[in-house]
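Residue numbers (this note's numbering): 1217 to 1586.
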Amino acid sequence: IELDGPEVPILDGSSKPIVESILNAGIQTQDAEREYFIIPSVITYEDADRKSELIAVPDEHYKLSVTIDFDSKTLVMQSAQMDNYEGFADQISPARTFVFLHEIEYLIENNLIKGGDLTNAVVFVEQKPNEEKLESLAKFFNKPEVKVNGSHTLNNTELLFVNEPARHKLLDLLGDLALIGMPVKGNIIAKRPGHTSNIAFAKKIKQLIKEEKAGKSMPYVDLSRTLFDINQIMDFLPHRYPFLLVDRVVEMSDTHIVGIKNVTMNEPFFIGHFPGNPVMPGVMQIEAIAQVGGILAMNLVDDYKSYTPYFIKIESVKFKQKVLPGDTLVFILKLLSPIRRGVCHMSGRAFVGGKVVMEAEMMAQLVKNE
């Protein structure tokens, strides 16, 4: 898509012509798996001057909800929602931009909206102008005449939807949030949104994405799930108490795994490390993250019970903060390369309360049992 001007042409005041052009050109599905930013927790933004509020809450899908309120008897408070993209082309993209007549007058006086036309915007009229003003508007818009009757819109423009203005604000929000740079999974709720507040909110989310990619914050994980419990874990690993350091696996694919270790005062190493000041030893954290990686490696081979995972290399280890009794360690590991000849190369981070407590890069080898 190429632009030869400073902004996208207004066309009919909606995104429908662009959507139709894209659909006519055709959409080709790519083989690569789409990466999403999953809203990890409640994110809020407020602009008190504009009375604008935006909230993002975790959700498995991308949902938008918009409420507008201009304190106007002509354009009353209204809402619009989008729960999926299925109805976007017909229900959201045709919604046209809108403006109040008193705003138009200011723009005309300042030699702006040269591309403005009564066919590409809905102009709401709060107070009916006199005949002289109507003639002036007709001349500006190059129309034989301009009327305002009972519809409260200039030239009696009919709305495509009862809540067309709210739908257009939702369209604006959708476009502004696209500037985040990657698709989002979450429920976005906006009250009196505008481009300024939308962009500020998008920047806030983008900063969270940067922190997550830099490993400063934990990506969203549904910790209530249980993919493998302790009994299933013992089916993968040869370790047993007191050296089995994984309690649950909550998420796993062919390239990543998320495991949980609940740290309790009953851990035997706390007896001597340290009396009166219990701290989980770094070597035990390394062992725990290696065991989580071992489950991933074992899951990727057939007849895994014929193999044992052995730790062969560790590097780039960093400990960020202490791990104490009562903490829940969340280990997130991903493969750095496909497993070859039984060698598994992965990186991992451990989180407590959403913050990184340790990280490491490691190698393990699956050795066939004799």
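Even for Gly, the Cβ is constructed at its ideal location relative to N, Cα and C.
Closest to residue i by CA distance: which of the options is it?
i: TYR1436; options: LEU1375, ALA1337, ALA1241 and VAL1546; result: VAL1546
i: PHE1485; options: ASN1403, ASN1478 and PRO1494; result: PRO1494
i: GLY1558; options: LYS1359, TYR1523, GLU1467 and ARG1250; result: TYR1523
i: ALA1296; options: GLY1397, ASP1333 and ARG1383; result: ARG1383
i: ILE1548; options: ALA1272, ILE1528 and LEU1439; result: LEU1439
i: MET1500; options: ASN1515, ASP1519, ASN1478 and GLY1492; result: ASN1478
i: THR1471; options: PHE1459, GLN1343 and ILE1555; result: ILE1555
i: ASN1482; options: VAL1583, GLY1221, LEU1461 and ILE1234; result: LEU1461
i: VAL1533; options: GLU1575, MET1496 and LYS1429; result: GLU1575
i: PHE1588; options: LYS1536, ILE1421, LYS1419 and SER1288; result: With the chain covering only 1217 through 1586, there is no way to say anything about residue 1588.
i: GLN1448; options: LEU1512, LEU1389 and LEU1370; result: LEU1512
i: THR1290; options: HIS1318, LYS1521 and ASP1299; result: HIS1318
i: LEU1551; options: SER1237, VAL1362, THR1544 and SER1563; result: SER1563
i: PHE1535; options: MET1496, HIS1561 and ILE1528; result: MET1496
i: ILE1259; options: GLY1498, ILE1405 and THR1544; result: ILE1405
i: ASP1299; options: ASP1275, ILE1284 and ASN1327; result: ASP1275
i: THR1442; options: GLN1343, LEU1386 and ILE1473; result: ILE1473
i: ILE1308; options: ALA1337, LEU1387, GLY1492 and GLU1218; result: LEU1387
i: GLN1537; options: GLU1467, PRO1222 and VAL1573; result: VAL1573
Verify whether the separation of the beta carbon atoms of residue i and residue j is less than 9 Å.
i: GLY1475; j: ARG1565; result: no
i: SER1281; j: ASN1414; result: no
i: ILE1255; j: LYS1401; result: yes
i: MET1398; j: TYR1278; result: no
i: GLU1531; j: GLU1577; result: yes
i: ALA1305; j: VAL1224; result: no
i: ARG1464; j: PHE1444; result: yes
i: VAL1339; j: ASN1371; result: yes
i: VAL1517; j: THR1544; result: no
i: GLU1361; j: GLU1351; result: yes
i: ILE1487; j: ALA1272; result: no
i: LEU1582; j: MET1514; result: yes
By the 10 Å Cβ neighbour count, where 16 or more other Cβ atoms means buried, how is residue i classified, buried or exposed?
i: ASN1379; result: buried
i: LYS1571; result: exposed
i: TYR1261; result: buried
i: THR1480; result: exposed
i: ILE1446; result: exposed
i: PRO1525; result: buried
i: VAL1341; result: buried
i: MET1293; result: exposed
i: PHE1417; result: buried
i: VAL1539; result: buried
i: PRO1381; result: buried
i: ALA1264; result: exposed
Looking at residue i and the ligand FMN, is the gap between the Cβ and the nearest heavy atom below 8 Å?
i: ASP1438; result: This structure does not include the ligand FMN; it has no bound ligands of any sort.
Indicate whether at least one CB of chain C lies closer than 9 Å to the CB of residue i.
i: MET1500; result: Among the chains in the structure shown there is no chain C, since it carries only a single protein chain.
Legend entry - Contact between the stretch 1298-1314 and the stretch 1227-1234 (3+ Cβ pairs under 8 Å): yes
Inset, instruction - Please determine if the stretch 1506-1515 and the stretch 1445-1456 are in contact, where contact requires at least 3 C-beta pairs separated by less than 8 Å. - result: A contact exists between the stretch 1506-1515 and the stretch 1445-1456.
Inset, instruction - Flag this pair as touching only if the stretch 1391-1398 and the stretch 1320-1339 have three or more C-beta atom pairs under 8 Å; answer yes or no. - result: No: the two stretches stay apart, fewer than three of their Cβ pairs being nearer than 8 Å.
Inset, instruction - Could you tell me whether the stretch 1402-1419 touches the stretch 1251-1270, using the rule of 3 or more Cβ pairs below 8 Å? - result: yes
Inset, instruction - Taking only runs that begin and end inside the stretch 1436-1481, name each unbroken alpha helix (DSSP H) of 4 or more residues, in chain order. - result: The qualifying runs are 1446-1452.
Inset, instruction - Count the C-beta pairs between the stretch 1243-1257 and the stretch 1346-1355 that are closer than 8 Å, then say yes if the count reaches three, no if not. - result: Because the criterion of three Cβ pairs below 8 Å is not met, the stretch 1243-1257 and the stretch 1346-1355 do not touch.
Inset, instruction - Please list the segments of the alpha helix (DSSP H) lying wholly inside the stretch 1494-1568, counting only runs of 4 or more residues, in order along the chain. - result: 1498-1515
Legend entry - Segments of 3+ residues assigned as beta strand (DSSP E) that fall wholly inside the stretch 1354-1424: 1400-1407
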